[in-house]
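Residue numbers (this note's numbering), protein chains in the order written: chain A, -6 to 235; chain B, 618 to 1156. We put the CB at the ideal spot given by N, CA and C, even for glycine. To keep things clear, I will list the structure first and then write my remarks on it.
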Amino acid sequence: MRAAYFDVDGTIVGSNLLYPTLHYIRNQASPVDSARRLGKLALQAPFLLVAELRDRRMFNEQLFSHFAGMTEDRLVCLADEVFEDVFEPRIFKGARGLLDKCRDAGMRIVFVTGALDVSVAPLAKHLGADAVIANRLEMKEGKATGRLLRPVVAGPSKARVIVEDARVHGHDLAECQAYSDSESDVPMMSVVGHPFCVNPDGGLRALARSYDWPILDLDREAAGGRSRLRLPFGFYAPERRG
Amino acid sequence: MSNHPCVVTIDHRSKPRVLFSGTKLVEVDLPVGTRVVYPKPPMKGLPDVKAAIRYAIAHPENSEPLFTKLEPGMKVTIAIDDISLPLPPMQSPDVRQQVLEVVLPLLADYGVTDIHIIVATCLHRPMTADEIKHAVGKSIFQKFWPTRLYNHDAEKPGGLTRLGVTDEGDVVEINTRAAESDLVIYVNLNFVPMDGGHKSVAVGLCGYESLRSHHNPYAIRESNSYMDPERSELNHRVVRMGRLVNRRMNVFTIETTINNDMFGEGLGFLAKNEDELGPNEERALKALIRTLEFLPAKARQAIFEKIPAPYAVTGVFAGETEAVHAKTIAKCFEQYCVPAGGQADIVVYGVPYISPYNVGAHLNPLLVSCMIQGYLHNLYRGAPLVRKGGTVIAFHPCTDQFDPDQHPAYVEFVHRFLPITRDATRLHKEFEDEFRKHPGFIQLYRTGEAYHPAHPFYMWYWGENGRQHIGRVIIVGADNQYIPELLGYETAPTFADALRMAKETAPANPDIACLRICPFVMVDVEPDAAPKQIAGEAK
Chain A
-6 MRAAYFDVDG
4 TIVGSNLLYP
14 TLHYIRNQAS
24 PVDSARRLGK
34 LALQAPFLLV
44 AELRDRRMFN
54 EQLFSHFAGM
64 TEDRLVCLAD
74 EVFEDVFEPR
84 IFKGARGLLD
94 KCRDAGMRIV
104 FVTGALDVSV
114 APLAKHLGAD
124 AVIANRLEMK
134 EGKATGRLLR
144 PVVAGPSKAR
154 VIVEDARVHG
164 HDLAECQAYS
174 DSESDVPMMS
184 VVGHPFCVNP
194 DGGLRALARS
204 YDWPILDLDR
214 EAAGGRSRLR
224 LPFGFYAPER
234 RG
Chain B
618 MSNHPCVVTI
628 DHRSKPRVLF
638 SGTKLVEVDL
648 PVGTRVVYPK
658 PPMKGLPDVK
668 AAIRYAIAHP
678 ENSEPLFTKL
688 EPGMKVTIAI
698 DDISLPLPPM
708 QSPDVRQQVL
718 EVVLPLLADY
728 GVTDIHIIVA
738 TCLHRPMTAD
748 EIKHAVGKSI
758 FQKFWPTRLY
768 NHDAEKPGGL
778 TRLGVTDEGD
788 VVEINTRAAE
798 SDLVIYVNLN
808 FVPMDGGHKS
818 VAVGLCGYES
828 LRSHHNPYAI
838 RESNSYMDPE
848 RSELNHRVVR
858 MGRLVNRRMN
868 VFTIETTINN
878 DMFGEGLGFL
888 AKNEDELGPN
898 EERALKALIR
908 TLEFLPAKAR
918 QAIFEKIPAP
928 YAVTGVFAGE
938 TEAVHAKTIA
948 KCFEQYCVPA
958 GGQADIVVYG
968 VPYISPYNVG
978 AHLNPLLVSC
988 MIQGYLHNLY
998 RGAPLVRKGG
1008 TVIAFHPCTD
1018 QFDPDQHPAY
1028 VEFVHRFLPI
1038 TRDATRLHKE
1048 FEDEFRKHPG
1058 FIQLYRTGEA
1068 YHPAHPFYMW
1078 YWGENGRQHI
1088 GRVIIVGADN
1098 QYIPELLGYE
1108 TAPTFADALR
1118 MAKETAPANP
1128 DIACLRICPF
1138 VMVDVEPDAA
1148 PKQIAGEAK
């Protein structure tokens, strides 16, 4: 059996890690707590920007430190809302068709994402993923410490977790596929036999042209259709009309 | 030996012949006695194309006139040929636009409003919005695109309807919108004789399950040639499936033929005998050869491709599919076929920059193979121009380069499967079925500009009868060794070297012929009465 490994943010959905994080922070038990956390996040924004540009793992660790003190049951409760408000409206038009074709071809579908396991679980269920490899928050006495459990799923470590997953499930990596939008996922795409770039950022697009890696646009439903403008840092312009 | 004016025999006074080598032109000193076959001059176009269209649909072949088939409120699908025809794209107005400009008002007059126009791409790449606009005209495009004018999608869930199975077991599946329509009007542009007829609907609007009946190495091996419908197994299988389509669906066929005026006045000297060029034409030809030498590849491609061809419409026929197609084919052969005499031991081809499968892209290695052993080899009636076991010398750089948007699946085919085997039957049996389901490549076919992942296999099968027939292929001008090796070819640095190599396995005083394509030309070849003795046996 073969597997298809999918990055999630920017690949299957037009979102990034900030969207669900903001949703969680905005929906704390008390408005004061939400305001305090938002303020802290705003103050740290420049550091997050630097981290995003330099090291995706550092970015993930800094971003998820803002979950410190959130209770586990609240994280689970809000996950469905995150799916409905953040992920579902942003699922790319062509994503479901691609996942269906992977399933029809007998492939095991695995989401490999830097997002939190709890927040991405409803999306995975909705799209029929067979497994999710995601970041996990460290919990102590029912509350998040703000630290991530090892291995942190980001950049090069995505390649390691894919190799391990393939070994456990008996996949031949040369026959496996990987889909991602980001240059930071080049290691993950390099370990499989069939890498695909999806709505790629500038760096990955240039690399794809050099290596003859196919480039997909999942924001289109049919050939000749339009896709939304991709903005820096994984943001997307609103859908164009007409 | 042919006395036709388009067949020129090289003598001591002959100038070098100018042949395509991809996007470049090369001058080749052919040996004395070589037969060079040129295309016929372009036939005269119809003086009033729209009048001819009106006449054809009002006086159809073996069918009631189109207007008698129309009723208010009926569901009509118009299917049109895709961008693979003609080559290069024709000057505006495209003949498809002209037909639509006659047919759509007629439908409106009879109260038909439920109309969809589908580009019959089958597993070819989807046409882009701009290409479709060029083919149908701005006003029709603005009215119908994208909800009622779109590309056929053979992978759309529920997009195909099974019409039935032939007695021979062929599964016939057709685009659901067309299958559910009260009337299907097919607007064809018959560029080469393998186009049109039942192939239009039964292939253009079908999916993989139907294609597998005829797009396979066995059908191609039995086709002699696939440009001669009567002797094409590929065509026979398509016909039996098309007959089932026409029994289940109400199909009205409109076919058009064009002449071979590929270059117009500006580059018209490329179609002429080099010995008959005037001084200005000769200077222009030399200047073009030199210019192409120093221009980058993309600019060279653009020179030939961005200038639409001034093809003229030579015939319009409408009505029942087979009756229409018989007239169309006769018109095609009238333009293309040149009596070329007998077979040759060594045949020389210049491989041009263009094929039906790389409009807007360069000719990648797999398409080079498809051209040499496929298209060019099959441009005959009677017998192949090259004798069985003979040698083909072809000019092309064979650059290891693929268009990332159009041919992503080709990269894997050439670099993953061909190193394992060149055996078309093994590729068909072992690798085709899994690869054609490749989700990423299917997504690129459905929403991008890519050919379906099954298509590179078909391109290899397209050369199968040539592969079984030709003894050796020697490439002159290759910029690398490994691509020709992968394709099963030898290489030579110069034409003189290639000729020396070819003569090693040819009879003494071999017959040498050169097919001077482009524009498009076919040869009528008389088969040998008895097999010739080859050099090795004589010793």
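- In terms of beta-carbon proximity, PHE85 of chain A stays away from the interface with chain B, with every pair separated by 7 Å or more.
- Neighbours of ALA159 of chain A in chain B, taken as residues at a C-beta separation under 9 Å, are lacking, since the least C-beta distance is about 18 Å.
- Per DSSP, LEU702 of chain B has no beta bridge partner at all.
- Counting every other CB atom within 10 Å of its CB across the protein chains shown gives ARG652 of chain B a total of 16 or more, marking it as buried.
- Interface with chain B (7 Å Cβ-Cβ cutoff): LEU91 of chain A is included.
- The beta carbon of ARG854 of chain B sits closer than 8 Å to those of GLU785, ASP787, SER830, HIS831 and ALA836, all from its chain and outside the five residues before and after it, given in chain order.
- In the three-state reduction of the DSSP assignment, LYS692 of chain B falls in the strand class.
- Among the residues facing chain B, ASP174 of chain A is not included, as its CB has no counterpart in that chain under 7 Å away.
- Secondary structure at ILE1129 of chain B: strand, using DSSP grouped into helix, strand and coil.
- No Cβ-Cβ contact shorter than 7 Å links ASN768 of chain B with VAL804 of chain B.
- Nearest to TYR953 of chain B by C-alpha distance, out of B:ASP878, B:ASP799 and B:ARG634, is B:ASP878.
- Here PRO1073 of chain B is actually not in contact with LEU996 of chain B; their C-beta atoms are around 22 Å apart, not less than 8 Å.
- Residue contact with chain A for THR694 of chain B: absent (no Cβ-Cβ distance below 7 Å to any residue of chain A).
- At least one CB atom of chain A sits nearer than 7 Å to the CB of LYS1054 of chain B.
- Exclusion of the five residues before and after GLN1098 of chain B leaves THR1108 as the residues of its chain whose Cβ lies within less than 8 Å of its Cβ.
- Remark: C-beta atoms of TYR1106 of chain B and VAL1090 of chain B approach each other more closely than 7 Å.
- Look at the stretch 1055 to 1066 of chain B: the residues with a C-beta under 9 Å from a C-beta of chain A are HIS1055, PRO1056, GLY1057, PHE1058, ILE1059, GLN1060, LEU1061, TYR1062, ARG1063, THR1064, GLY1065 and GLU1066.
- Of the residues assessed, ALA675 of chain B falls on the exposed side of the cut-off, its CB having fewer than 16 other CB atoms within 10 angstroms.
- Ranked by how close their Cα comes to the Cα of VAL968 of chain B, the residues B:GLY639, B:ASP726 and B:LEU861 have B:GLY639 in first place.
- In the three-state reduction of the DSSP assignment, PRO1001 of chain B falls in the coil class, being assigned neither a helical nor a strand state.
- Following the DSSP letters along the chain, one finds MET100 of chain A in no alpha helix (DSSP H) but inside the beta strand (DSSP E) bounded by residues 100 to 109.
- Excluding its 5 nearest sequence neighbours in each direction, GLY859 of chain B has C-beta neighbours in its own chain below 6 Å: HIS815 and ALA819, listed in chain order.
- In this structure, DSSP gives MET858 of chain B a helical state, which the three-state scheme calls helix.
- Approximately 4 Å separates the beta-carbon atoms of ALA1123 of chain B and ASP962 of chain B; this is inside 8 Å, confirming the contact.
- DSSP, reduced to helix, strand and coil, places SER173 of chain A within a strand of the structure shown.
- Look at VAL788 of chain B here: in three-state DSSP terms it is strand.
- VAL789 of chain B places its beta carbon less than 7 Å from that of SER827 of chain B.
- In the DSSP assignment, ILE757 of chain B falls within the unbroken alpha helix (DSSP H) covering 755 to 761.
- Around the C-beta of TYR(-2) of chain A, 16 or more other C-beta atoms lie within 10 Å, and the residue is accordingly described as buried.
- Cβ proximity to chain B below 8 Å picks out GLN170 and TYR172 from the stretch 161 to 172 of chain A.
- VAL788 of chain B is outside the set of residues whose beta carbon lies under 7 Å from a beta carbon in chain A.
- Annotation: Cβ neighbours of ASP205 of chain A in chain B (cutoff 8 Å, chain order): PHE1019, PRO1021, PRO1025 and VAL1028.
- Contact annotation: in the stretch 759 to 772 of chain B, residues whose CB is within less than 9 Å of a CB in chain A are TRP762, PRO763, TYR767, ASN768, ASP770 and GLU772.
- The stretch 793 to 808 of chain B makes contact with the stretch 693 to 711 of chain B, as at least three CB pairs between them are under 8 Å.
- With 16 or more other Cβ atoms inside 10 Å of its own Cβ, TYR655 of chain B counts as buried.
- Only residues of its own chain outside the window of five on either side were considered, and among them VAL1, ASP2, LEU10, PRO13, ALA127 and ASN128 have a CB closer than 8 Å to the CB of ALA108 of chain A, listed in chain order.
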